[in-house]
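Just so we're aligned: 164 in full-length UniProt numbering is position 164 of the sequence shown, and the numbers increase by one with no gaps anywhere.
Right, one structure below, let's go through it.
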Amino acid sequence: MLTLFSGRHFMYVRRALALTIAVPVLLAGCSDDPEPTPKIPEPPSSSPTPSEPATEEPEAESPEEFIRRWASEEARMENTGDTADYRALSQKCRACIELADLVEQYYEAGGFVEWDGWKIRSIRSRGTSRRAFLVKVNSAPTKYAERAGGKEKSFPGGPGAHLITVAPDGTSWQVVDKSEVAG
Numbered sequence: 001m002l003t004l005f006s007g008r009h010f011m012y013v014r015r016a017l018a019l020t021i022a023v024p025v026l027l028a029g030c031s032d033d034p035e036p037t038p039k040i041p042e043p044p045s046s047s048p049t050p051s052e053p054a055t056e057e058p059e060a061e062s063p064e065e066f067i068r069r070w071a072s073e074e075a076r077m078e079n080t081g082d083t084a085d086y087r088a089l090s091q092k093c094r095a096c097i098e099l100a101d102l103v104e105q106y107y108e109a110g111g112f113v114e115w116d117g118w119k120i121r122s123i124r125s126r127g128t129s130r131r132a133f134l135v136k137v138n139s140a141p142t143k144y145a146e147r148a149g150g151k152e153k154s155f156p157g158g159p160g161a162h163l164i165t166v167a168p169d170g171t172s173w174q175v176v177d178k179s180e181v182a183g
């Protein structure tokens, strides 16, 4: 068997080889030259930023969300005498129009209404149409005067239930009927 190098010799050669490769690399790291910085290409300035399409329609409001917004508007209307937004949400609701008319009469005569509105406990679909809703509420107490200098009157507030019927109106709804019911 012919052996030119022993195992020790191979180890010596490997170490020497590793040293001859490592020394220049280490010395290059110790130079005074600044480290090269990688060049990262700049993104083109003409690329558009991702955004929502301008033609996308707003998400439709659920009947329950609308009823909460409408109830909040009813309280605001009674406390301010400004009925325009409430009327816009209730154009076909006779009971709503009558309430708005009454509130306008009070304010035009110098009266007022003070009411913190409804705290809605639940809104449940009633019937198969998904347009009639039983709305259970806790109503805040109400103070009002029908005219300036008129006798202040009040309602105690408390639990109640209302049947609210809505109809589609674009991406939202309209109240078309409102009535108080046994809860």
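Heads up, the beta-carbon is just placed ideally off N, CA and C, and yes, glycines get one too.
With respect to G117, A148 sits apart: the two C-beta atoms are not nearer than 7 Å. For T128, no beta strand (DSSP E) encloses it, and the DSSP letter there is neither H nor E. Taking every protein chain shown into account, the CB of F155 has fewer than 16 other CB atoms within 10 angstroms, so this residue is exposed. The criterion of a C-beta distance shorter than 7 Å is not satisfied by R87 and A71. When W115, R68, L89 are compared, the shortest CA-CA separation from G158 is found for W115.
Using a Cβ-Cβ distance cut-off of 8 Å, the segment 80-99 and the segment 131-146 are not in contact, since fewer than three pairs of beta carbons, one from each stretch, lie closer than that value. Its chain contains M77, E78, G81, T83, V113 as the residues whose beta carbon lies nearer than 7 Å to that of V103, once the 5 sequence neighbours on both sides are disregarded; these appear in chain order. A140 is the residue among A140, L134, T165 whose C-alpha sits nearest the C-alpha of A75.
Residue environment: E59 is assigned as exposed (fewer than 16 neighbouring CB atoms within 10 Å of its CB, all protein chains considered).
Taken through DSSP and simplified to helix, strand or coil, T80 comes out as helix.
Per DSSP, the continuous beta strand (DSSP E) segment holding E114 begins and ends at 112-115. Sequence-distant Cβ neighbours of D85 in its own chain, meaning closer than 8 Å and more than five residues away, are E73, R76, M77. The secondary-structure analysis by DSSP pairs W70 with nothing; it has no beta-bridge partner. Ranked by how close their Cα comes to the Cα of G183, the residues Q174, T171, A161, E64 have A161 in first place.
Residue pairing by DSSP puts S179 in a beta bridge opposite L163. Only buried fits V135, as 16 or more other CB atoms lie within 10 angstroms of its CB. At a Cβ-Cβ threshold of 7 Å, A132 and T171 do not count as neighbours.
For R126, the closest C-alpha among the options K151, L163, E108, G150 is that of L163.
Within its own chain, the residues whose Cβ lies closer than 8 Å to the Cβ of K153, once the five positions on either side in sequence are excluded, are K143, Y144, A145, E146, listed in chain order.
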